[in-house]
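So the structure is just underneath, and the comments pick up after that.
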Amino acid sequence: MDGSVIALRRDSPLHDEGGVLGGGSILLLHGLMGSARTWRRQLPWLRELGRVYTFDALGHGRVAPARPDTDLFVDDLIAHLTAGGDIRDLVVIGHSMGGIHGICLAARRPDLVRALVVEDIGVDYRGRTAVEWVSVIDRWPTPFPTRAAVLDYFGPIAGQYFLESFRRDEDGYHLHGELGMFRDIAEEWGRRAFWDEWLRVSCPALLLEAERGVAPAGQMIRMNQLRPGSRYTLISNSGHLVHDEQPAAYRSAVEPFVTSAILRTPPSDTP
-8 MDGSVIALRR DSPLHDEGGV LGGGSILLLH GLMGSARTWR RQLPWLRELG
42 RVYTFDALGH GRVAPARPDT DLFVDDLIAH LTAGGDIRDL VVIGHSMGGI
92 HGICLAARRP DLVRALVVED IGVDYRGRTA VEWVSVIDRW PTPFPTRAAV
142 LDYFGPIAGQ YFLESFRRDE DGYHLHGELG MFRDIAEEWG RRAFWDEWLR
192 VSCPALLLEA ERGVAPAGQM IRMNQLRPGS RYTLISNSGH LVHDEQPAAY
242 RSAVEPFVTS AILRTPPSDT P
């Protein structure tokens, strides 16, 4: 993994965020209703480790997929990673939906993934529904007229996340994708588990669970137990947006793991 610069098209959803040349290549995958921009606060220290790329998933400021199928999202990701420059041997860091996409990418294309970080997402939500969640979003007072209105409504952490994801029009801030599509993505997880994909991952993996997160109770611990080469860390005093709510704890867990993956050295036993 040489961290070399890859020429990307200006309109590509894959973004070259810069970083150390000759180090590693790091790919950041955002969560549901997020965007590539939600990683901005982690970019400075990640750039010290290697060349960093971010990615905007289908339907998130981009055309929606033909159907809410995780395989289509991963197909699209692979197509952009292998177009032209062929970015491979990546350390993939995924939050929430991005964690599921990272698992499926590593399972299908182990040649593209050197190591994997999964932030606060499980692999089995079968039987759950997104109806209540969607009804809450449907009551949001969109468009939000100002930045301050977004921050007042969601608070400083989630508010910043949505400011970096919403589409800004003349009348204010709007969802950057269709609510029905976001619902259908979550509903697919209620019908489909990803245990098989997780067990096919062959690279080292770090599982980060938020103390007040969205992973089903005990599931990320079970994921860690089932697959050799995994590590598990619980981040205390954090909700789902671990990298923003507890940035110091997040970095202390992720940085040594990424460094060891880039250098191909065994990770320390210290969480």
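For the record, in the sequence shown the residue sitting at position 195 is 186 according to the working numbering, with numbers rising by one throughout.
All C-beta atoms in this analysis are idealised placements derived from N, C-alpha and C, irrespective of residue type, glycine included.
Nothing here was measured: the structure is a model prediction, and the numbers come from that model.
In terms of Cβ geometry, R213 and H231 do not form a close pair [threshold 9 Å]. Setting aside the 5 residues that flank it on each side, L68 is surrounded in the same chain by F46, H92 and L96, each with a C-beta closer than 7 Å to its C-beta; the list follows chain order. Under the 8 Å Cβ criterion, the segment 2 to 12 counts as touching the segment 25 to 45, having at least three qualifying pairs.
The alpha-carbon of G171 is positioned some 21 Å away from that of H86.
Around the beta carbon of V245, 16 or more other beta carbons lie within 10 angstroms, which makes this residue buried. By the Cβ test, the segment 187 to 203 is in contact with the segment 214 to 229, since at least three Cβ pairs between them sit closer than 8 Å.
A Cβ-Cβ separation of about 23 Å leaves P134 out of contact with D175 under the 8 Å criterion. Burial check for R158: the Cβ neighbour count within 10 Å stays below 16, so the residue is exposed. Taking a cut-off of 8 Å for Cβ pairs, the segment 50 to 58 and the segment 118 to 133 do not touch, as fewer than three such pairs fall below it.
DSSP, reduced to helix, strand and coil, places E200 within a strand of the structure shown. Straight-line spacing of the CA atoms in L23 and W30 works out to 13 Å.
DSSP places S243 inside the alpha helix (DSSP H), whose first and last residues are P238 to L254.
Here V127 is exposed. Its C-beta has fewer than 16 other C-beta atoms within 10 Å. For R99, the enclosing alpha helix (DSSP H) begins and ends at M88 to R99. Taking a C-beta distance under 9 Å as the contact criterion, V249 and A106 qualify as a contact pair. The continuous stretches of beta strand (DSSP E) do not include L103, and DSSP gives it neither H nor E. Judged by beta-carbon spacing, V82 lies beyond the 9 Å limit of G13, meaning their Cβ atoms are not closer than that value.
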